[in-house]
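A short worksheet on the structure shown next.
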């Protein structure tokens, strides 16, 4: 007894294997065998639907959204030129002289700590 409707052929052009447990791609919804179901394995044209990475500005550490069709490097560059809120004066290292006292208040455990540094 034959089962002509059992299984489906892999959508990958170089494969076309008859698979009895076919899998659907999460992005393009085409049917693939186990070897080709991953987005990279069949060079999925709809992979952008599953690409949810958001680049972070290397200067101000703010997430910068990238729209479909845009290049992350270009968008980050535009952000750094126009919207970046980085202020170099706020990030300078503090120079301490000998035995500088630095008060440190911790609200979490309600402690006041005095740190004495020696340069």
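Residue numbers (full-length UniProt numbering): 1 to 119.
Where a beta carbon is used, it is the ideal one built from N, C-alpha and C, also for glycine.
Contacting residues, own chain, Cβ-Cβ under 6 Å from residue i (five flanking each side not counted)
| i | result |
| --- | --- |
| residue 85 | 60 |
| residue 68 | 48 |
| residue 22 | 8, 31 |
Euclidean distance between Cα positions of residue i and residue j
| i | j | result |
| --- | --- | --- |
| residue 131 | residue 15 | The structure shown has nothing for residue 131, since the chain only spans 1 to 119. |
| residue 5 | residue 17 | 14 Å |
| residue 45 | residue 80 | 30 Å |
| residue 50 | residue 26 | 8 Å |
| residue 19 | residue 38 | 15 Å |
| residue 52 | residue 78 | 20 Å |
Close-in-space but distant-in-sequence residues of the same chain around residue i (CB under 8 Å, 5 per side omitted)
| i | result |
| --- | --- |
| residue 58 | 76 |
| residue 55 | 63, 64, 66, 72, 75, 76 |
Those residues which DSSP pairs with residue i across a bridge
| i | result |
| --- | --- |
| residue 63 | 56 |
| residue 8 | 19 |
Environment of residue i [buried if 16+ CB atoms lie within 10 Å]
| i | result |
| --- | --- |
| residue 83 | exposed |
Same chain, Cβ closer than 7 Å to residue i, neighbours up to 5 away in sequence not counted
| i | result |
| --- | --- |
| residue 36 | 10, 12, 15, 42 |
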